[in-house]
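Number of protein chains: 4
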Amino acid sequence: MDFSPSSKGQEVLTKLKSFMREEVFPVEDQYFKDLKAQANPWVVLPIIDELKAKAKAQGLWNLFLPKSDYGAGISNADYALMAEEMGRSFMAPELFNCNAPDTGNMEVLVHYGSDEQKKEWLLPLLDGKIRSAFCMTEPGVASSDATNMEATATIEGDEVVLNGRKWWSTGIGHPDCKVLIFMGLTNPDGPKHAKHSMVLVPKDTPGVKVERMLPVFGELDEPYGHGEVSFTNVRLPKTAIIAGPGRGFEIAQGRLGPGRVHHCMRAIGAAERALDLMIKRATSREAFGKPIVNLGGNRDIIANARISIEQARLLTLKTAWLLDTKGVMGAMSEVSQIKVVVPNMLQTIVDQAIQMHGGAGVSEDFPLTSMFAYARCLRLADGPDEVHRGLVAKLELLKHK
Amino acid sequence: MDFSPSSKGQEVLTKLKSFMREEVFPVEDQYFKDLKAQANPWVVLPIIDELKAKAKAQGLWNLFLPKSDYGAGISNADYALMAEEMGRSFMAPELFNCNAPDTGNMEVLVHYGSDEQKKEWLLPLLDGKIRSAFCMTEPGVASSDATNMEATATIEGDEVVLNGRKWWSTGIGHPDCKVLIFMGLTNPDGPKHAKHSMVLVPKDTPGVKVERMLPVFGELDEPYGHGEVSFTNVRLPKTAIIAGPGRGFEIAQGRLGPGRVHHCMRAIGAAERALDLMIKRATSREAFGKPIVNLGGNRDIIANARISIEQARLLTLKTAWLLDTKGVMGAMSEVSQIKVVVPNMLQTIVDQAIQMHGGAGVSEDFPLTSMFAYARCLRLADGPDEVHRGLVAKLELLKHK
Amino acid sequence: MDFSPSSKGQEVLTKLKSFMREEVFPVEDQYFKDLKAQANPWVVLPIIDELKAKAKAQGLWNLFLPKSDYGAGISNADYALMAEEMGRSFMAPELFNCNAPDTGNMEVLVHYGSDEQKKEWLLPLLDGKIRSAFCMTEPGVASSDATNMEATATIEGDEVVLNGRKWWSTGIGHPDCKVLIFMGLTNPDGPKHAKHSMVLVPKDTPGVKVERMLPVFGELDEPYGHGEVSFTNVRLPKTAIIAGPGRGFEIAQGRLGPGRVHHCMRAIGAAERALDLMIKRATSREAFGKPIVNLGGNRDIIANARISIEQARLLTLKTAWLLDTKGVMGAMSEVSQIKVVVPNMLQTIVDQAIQMHGGAGVSEDFPLTSMFAYARCLRLADGPDEVHRGLVAKLELLKHK
Amino acid sequence: MDFSPSSKGQEVLTKLKSFMREEVFPVEDQYFKDLKAQANPWVVLPIIDELKAKAKAQGLWNLFLPKSDYGAGISNADYALMAEEMGRSFMAPELFNCNAPDTGNMEVLVHYGSDEQKKEWLLPLLDGKIRSAFCMTEPGVASSDATNMEATATIEGDEVVLNGRKWWSTGIGHPDCKVLIFMGLTNPDGPKHAKHSMVLVPKDTPGVKVERMLPVFGELDEPYGHGEVSFTNVRLPKTAIIAGPGRGFEIAQGRLGPGRVHHCMRAIGAAERALDLMIKRATSREAFGKPIVNLGGNRDIIANARISIEQARLLTLKTAWLLDTKGVMGAMSEVSQIKVVVPNMLQTIVDQAIQMHGGAGVSEDFPLTSMFAYARCLRLADGPDEVHRGLVAKLELLKHK
């Protein structure tokens with residue numbers, strides 16, 4: 001159980017931190033202001049392309065792909081600390097081609113894609129030329145139970161025909177989003193985990209319609225966004241199915257382990273940022289003749305934040321280390337553990353940071369409400385807290401059988 | 001300690017509930033959709049004027065003014081239950097001319113306004129013809145300590161000259177907002193609670209500039225809104241000062257007691273609505289073969305919500321009863337107690353309702369994120385939790401002296 | 001919903017408070033020291049008999065029996081405030097013949113006892129000459145589900161024969177304990193709520209054996225105590241059955257409503273005492289150059305304690321008022337609500353009071369650990385938190401059907 | 001940051017686990033029953049001496065002393081996992097000569113003792129022939145602020161004279177307790193951290209009097225116990241002072257780092273035991289037709305317990321690793337972090353385990369109330385939560401200076 005970064009990991013991390021310090025933090029405020037000032041904010045501003053090019057040139061690119069011919073060959077444990085660093089700014093992940101859901105989609109293609117699928121979609125994704133979305137959650141049913149899925153991917157001869165309605169398809173609003181991964185029911189009468197298929201859908205295929213973009217606590221998260229998408233008789237060749245019909249669940253399972261570590265480490269980075277902001281505000285403003293930090297229980301809040309961040313980080317690093325050393329099956333409980341504990345930790349700390357900022361905290365002058373929305377969504381996305389607690393308990397009870 | 005409504009209170013409450021059921025709930029969804037669809041949503045849609053007229057015709061008007069020549073003459077205890085009812089819909093309070101900050105501003109004018117001030121501003125406010133804003137909080141200092149206030153209201157001959165910057169001036173975006181109550185420093189060397197004045201400022205006075213509208217968790221709350229406002233050498237006759245120079249704190253003190261009861265009762269109404277939505281969703285969706293309500297700790301969440309709402313309501317009713325029978329000074333601890341407990345209760349229940357809704361909970365398909373934003377702001381507005389806890393503790397310790 | 005005491009209630013309450021102040025508080029420390037110093041602490045010290053006589057002489061006797069020919073004829077709402085007062089000292093309830101489980105047992109006899117049963121057991125209980133126990137919970141099964149009960153009360157001719165093992169039979173260690181109420185299975189195949197009988201068992205009946213006294217957090221609660229009792233072929237005439245065979249559940253149901261209000265109000269009295277002790281300690285000791293009360297979040301703790309006590313009291317008073325005005329069936333949700341909220345509130349406040357006392361808090365120099373044990377047991381006794389939350393949720397869901 | 005045990009550590013840990021499984025767990029129930037059945041339970045039962053001899057013979061002895069000529073030479077990181085294992089049974093630590101406060105006292109002597117002091121006290125302690133106590137906390141002042149200490153250790157010629165009153169002197173009731181370490185004021189006018197001395201006091205020195213043994217939640221923790229001790233003109237040669245006059249604080253500081261890790265790891269062992277008991281009970285009892293574990297939020301409780309134990313362990317292991325690699329000064333924040341988080345975690349889990357046991361949970365049939373008392377005391381001993389949170393916050397704020 002060694003959580004220290006490898007020497008390669010340490011080297012890349014140092015370079016990444018310096019990139020964040022020199023290239024990202026100084027421009028992010030202006031970037032978000034510029035973006036909001038656009039009549040149409042669903043665009044890629046030039047600064048993004050510039051920074052992507054710089055990051056790529058420095059080798060800070062595709063860091064999330066461990067031991068792969070395609071990526072940077074960095075272990076989950078090493079990447080975890082990088083994801084934390086990227087999590088400090090909402091602007092950062094894409095700059096390193098490390099943003100969800102593209103990371104998960106690329107992993108799926110690396111592991112399950114055909115040569116043709118790789119050539120058509122994986123290479124441009126790895127290159128940062130196009131973006132993608134993942135269409136799994138549905139508005140009509142409780143998606144916490146994946147077996148509720150109603151969308152269909154029916155085989156008709158050499159074609160697969162998609163029908164259904166998805167939502168919370170993150171990234172679908174991005175102007176470069178060219179491909180969706182759609183999951184649907186192919187063999188309704190097959191065994192429980194062999195009923196569904198994953199299909200690669202070019203976004204401009206007839207029958208695909210983005211019905212609306214969904215706000216999260218009032219924010220649309222431009223230029224990525226979260227879409228509600230209808231699929232009406234969308235016809236594609238069977239070769240669009242990833243790994244063949246009926247393997248959707250298997251792929252989904254493998255996709256989510258590392259993705260959850262990434263989300264959690266980014267959330268830890270966000271929590272560090274929130275604590276940082278909290279301390280800056282609490283030490284720079286006065287009330288009742290004292291810096292706010294010296295009033296009431298404020299120091300306790302800071303101490304508790306530090307303690308809960310430390311604990312969350314260690315558990316997430318252990319999970320990354322387990323993924324590296326024992327694989328997804330050897331990290332099942334831990335993946336669910338961090339998925340419960342980290343977003344809740346972030347939500348709590350951000351809530352307290354908001355309180356310590358007074359009215360400014362709920363405005364857009366600080367990134368706190370965005371962090372709050374991120375935390376709040378993470379408690380639902382990739383499985384709600386309840387499902388993950390259930391899995392942790394189930395595995396715990398198995399030890400006693 | 002009798003919390004039952006009086007017979008008059010009961011009668012009005014019954015009428016109000018029926019108005020809500022027949023006129024408000026059926027149209028509110030469409031109203032908010034129509035409003036959001038406007039190119040410029042800072043407008044009063046016709047349905048609002050229609051419903052205001054109906055409500056007025058039924059005597060459901062200015063219900064918040066107890067024992068007054070101007071209002072409906074309803075006690076705080078009776079009004080509390082009405083405020084709860086109105087709190088179930090964000091659309092409702094204005095329909096009965098009972099929305100903040102106009103209610104507080106009207107109360108100030110009833111109690112402290114000169115005849116001239118009453119004629120010019122109170123009567124049209126009571127009539128629902130104009131709206132108002134209250135300019136107290138400042139961006140540059142911790143406003144939780146009111147003595148931090150930096151804006152000035154300097155007497156120069158027969159004039160008072162206003163300078164400073166305010167924010168969270170709620171309602172200032174409303175097209176009918178015609179008058180602001182501004183609070184500023186008049187006698188910097190006077191005794192601690194006689195330094196400030198409150199001044200009535202027509203919104204179109206030269207030197208008054210709404211610099212921007214502030215989003216709360218991404219929502220601008222059109223058509224009311226929360227503004228950041230600069231006052232630059234705003235000159236007004238001394239007669240614009242309410243109750244004379246140096247009485248700002250005294251007025252503010254009296255303004256806040258009933259206002260906090262109103263806020264809290266509306267929050268209780270919102271909590272009932274959130275619980276209602278939670279139960280509807282939890283009983284109508286299934287996962288893992290059961291209605292969601294029967295999974296894990298969900299019934300516990302519902303039970304705890306019911307218990308905390310009941311407790312919060314009783315404490316708020318007691319506070320209203322104390323205001324009626326012992327006045328603001330006799331309800332000081334209780335006013336602060338509810339100000340702490342009710343918004344936190346609402347925040348918790350809404351957070352849980354969001355969780356039970358899944359992704360839909362963070363979208364705009366349900367009023368949950370708006371309720372969340374309301375709860376979150378209430379924990380800061382009219383004094384943050386910390387200040388109110390401090391006051392409750394101080395009064396508690398005094399009993400032991 | 002009028003929670004003010006009636007004029008008679010106010011008069012008795014005033015007398016009771018003065019009795020507590022003059023007769024109880026000054027001697028309680030010494031009483032418990034004397035009791036602990038006994039070789040055999042399962043005794044009634046003379047001071048108890050003395051104070052009982054004084055209380056009786058003042059009419060402060062059997063205050064818990066509302067509208068009865070037997071008791072003081074005080075409503076639940078009026079008695080609630082008296083129970084709170086008694087709850088401030090563990091020594092108090094018996095002095096007024098108002099201690100559990102005798103109160104509940106007397107109520108059962110008033111409502112369901114035959115003339116003979118009343119004469120034999122009720123009158124001496126009302127007189128304070130004997131004490132009683134209630135034998136319901138069983139060690140071998142989860143007693144949170146009352147239908148799990150395994151003990152039997154089998155009818156054989158004119159006799160009823162008892163077999164089984166009970167525990168947490170409170171009061172059975174008292175030297176004056178002469179009678180037990182035993183609940184057991186009579187018609188195993190009868191309808192779900194008509195299977196059990198309640199039987200009056202003289203403690204010295206052959207076959208009744210107190211196996212051991214159970215400590216609660218290390219305390220035996222002398223001279224009352226909580227016993228584990230075996231019943232082996234205990235034979236009694238059928239006339240010992242209360243209200244006839246098969247009515248056990250019906251009686252249990254009615255017994256518990258007022259009893260839970262009593263428990264909760266005593267717990268509120270204990271919470272007030274704990275808050276009082278907390279403030280005394282926090283204002284009288286210094287650390288780091290300040291009274292402890294001014295350190296960190298301590299004032300917040302005091303404020304939160306005050307707020308949660310106020311809320312718990314109001315909800316309990318409402319429940320008492322409902323019992324008076326709508327009966328047990330009209331107060332079902334509220335009885336369960338207070339049973340959840342009040343013991344948890346007490347446990348939290350006592351835990352914080354302990355923390356503020358430092359090491360002294362966990363010792364016997366203060367009544368805090370006894371209060372903690374009381375709170376902790378109350379979360380299990382008369383139905384655990386979980387069962388009560390379940391009932392509250394169930395009744396809440398019924399409103400939506 | 002490598003938390004895996006070293007190969008030597010792993011070897012000893014395996015041996016220890018097997019000792020616990022084969023020698024300790026099978027006898028502990030009987031041991032505590034036998035002890036409680038003693039007329040005088042302040043004794044060492046033969047089983048203890050037997051098991052000590054066995055453990056010593058297997059090299060499972062003095063495992064807590066890292067890199068020392070005197071102990072087992074095991075790092076803090078390695079020992080941490082052994083302490084966890086010992087923490088599963090209250091009977092265990094002494095068997096391996098690893099129980100507080102002897103461990104801390106031995107460490108003090110190893111690092112600061114003179115040759116003579118080592119010969120007289122350290123060797124028999126290392127040998128397990130005698131036991132010791134540590135006399136620091138005082139009843140008369142808030143000992144959370146160590147500068148409040150009032151006891152004196154006055155130099156008079158070649159002697160040091162002790163006066164004062166101490167309490168919570170753990171272990172002083174043990175029949176083998178032969179020596180106390182007393183801390184008192186020597187130079188009242190010296191610099192803040194050079195005022196106090198630590199003095200070795202044979203327990204039978206004239207003037208030393210154990211006034212009473214203090215119960216903790218009703219338990220006296222025989223045969224160790226916690227004493228209140230008066231020191232009246234206790235005269236000793238100056239050579240009894242450890243490391244010379246005025247070095248008391250310096251010694252205390254160094255003593256506490258590893259000691260806190262030991263306490264926390266034992267608490268984690270206790271938490272694992274509590275979770276184990278909770279699951280056994282919840283899966284073996286039924287209510288409402290289901291195993292208790294499947295009712296309401298019980299699985300959530302189990303999941304949360306697992307998650308909080310994992311997090312607490314990782315943070316404690318990191319702290320041990322920091323102590324090994326960076327020394328006490330490099331682990332200051334982390335030592336305080338675990339001191340806050342671990343006892344609270346244990347208290348919460350034990351409270352929930354009690355609830356899941358029903359009445360049995362508060363009795364002595366399970367070790368749960370003892371674990372609760374351990375957790376509760378740990379939140380006060382070696383610095384209360386508040387002081388440790390204060391230190392964590394202070395160090396956090398320093399990063400921002």
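Protein chains in written order, with our numbering: chain A, 1 to 401; chain B, 1 to 401; chain C, 1 to 401; chain D, 1 to 401.
Note that CB positions come from ideal geometry on N, CA and C, so glycine has one too.
Predicted model only: the values in this text are computed from it and were never measured.
Mind checking which residues open and close the beta strand (DSSP E) that includes residue 164(C)? 159–170
Among the candidates 400(D), 272(D), 167(D), whose CA atom is the shortest distance from the CA of residue 276(A)? 400(D)
Is residue 391(D) a contact residue of the ligand FAD, with contact defined as CB to any heavy atom under 7 Å? Among the ligands in the structure shown, none appear at all, so the ligand FAD cannot be discussed.
Any C-beta of chain C under 8 Å from that of residue 279(B): yes
From the DSSP output, which residues share a beta bridge with residue 203(A)? According to DSSP, which records beta bridges pairwise, residue 203(A) is partnered with nothing at all.
By Cβ distance, which residues of its chain are closer than 7 Å to residue 121(A), with the 5 residues on each side in sequence left out? 109, 179, 200
Of all the CB atoms in chain A, is at least one closer than 8 Å to the CB of residue 34(D)? no
Where residue 345(D) falls: helix, strand or coil (DSSP): helix
Collapsed DSSP secondary structure at residue 233(C) in the structure displayed: strand
Under the three-state DSSP convention, the category residue 93(C) falls into: helix
Consider the Cβ of residue 294(C): report whether some Cβ of chain E lies at a distance smaller than 8 Å. Included in the structure are the protein chains A, B, C and D, with no chain E among them.
Closer than 8 Å to chain B by CB, residue 324(D): no
For residue 49(D), go through chain B and note every residue whose CB falls closer than 8 Å to its CB, in chain order. What residue 49(D) touches in chain B: nothing, since even the nearest Cβ is about 49 Å away.
Whether residue 98(C) touches residue 134(C) by CB criterion (8 Å): Inclusion of residue 98(C) and residue 134(C) in the CB contact set at 8 Å is not warranted, their separation being larger than that value.
Leaving aside the five residues before and after residue 209(A) along the sequence, list all residues of the same chain whose C-beta is less than 6 Å from its C-beta, in chain order. 230
Answer yes or no: do residue 396(C) and residue 144(C) have a C-beta to C-beta separation smaller than 8 Å? no
Between residue 357(A) and the rest of its own chain, which residues show a CB-CB distance below 7 Å, the 5 nearest in sequence each way excluded? Same-chain partners within the cutoff: 281, 366, 368.
Measure the CB-CB distance between residue 77(C) and residue 320(C) and report whether it falls below 8 Å. With respect to the 8 Å criterion, residue 77(C) and residue 320(C) are classified as neighbours on the basis of their beta carbons.
Taking all protein chains shown into account, decide if residue 329(A) is buried (16 or more other Cβ within 10 angstroms of its Cβ) or exposed. exposed
Tell me, please, which residues DSSP counts as bridged to residue 291(C). Bridge partners of residue 291(C): 286(C).
Residue 87(C) and residue 265(C) look like a contact to me (Cβ under 8 Å); what is the Cβ gap, rounded to whole Å? 6 Å
Which residues, in chain order, does the stretch 137–164 of chain D contribute to contact with chain C at a C-beta distance below 9 Å? 137, 139, 141, 142, 143, 144, 145, 147, 148
Taking Cβ positions, are residue 308(C) and residue 345(C) nearer each other than 8 Å? yes
Mind checking residue 343(C): buried by the 16 CB within 10 Å criterion, or exposed? buried
Starting from residue 287(A), find everything on chain B with Cβ-Cβ shorter than 8 Å and list it in chain order. 142, 144, 145, 148
Could you list which residues in chain C have their beta carbon closer than 9 Å to that of residue 297(A), in chain order? In chain order: 296, 297, 298, 299, 300, 301.
Would the beta-carbon of residue 359(A) fall within 8 Å of that of residue 205(B)? no
Under 8 Å by beta carbon: chain D residues contacting residue 3(A): 1, 2, 3
Secondary structure of residue 219(C), DSSP reduced to three states: strand
Are the stretch 290–297 of chain C and the stretch 309–319 of chain C touching by the rule of at least three beta carbon pairs closer than 8 Å? Contact between the stretch 290–297 of chain C and the stretch 309–319 of chain C is absent, with fewer than three C-beta pairs closer than 8 Å.
Using the beta-carbon of each residue, which ones in chain C are nearer than 9 Å to residue 226(B)? Result: empty, since nearest Cβ-Cβ is about 28 Å, beyond 9 Å.
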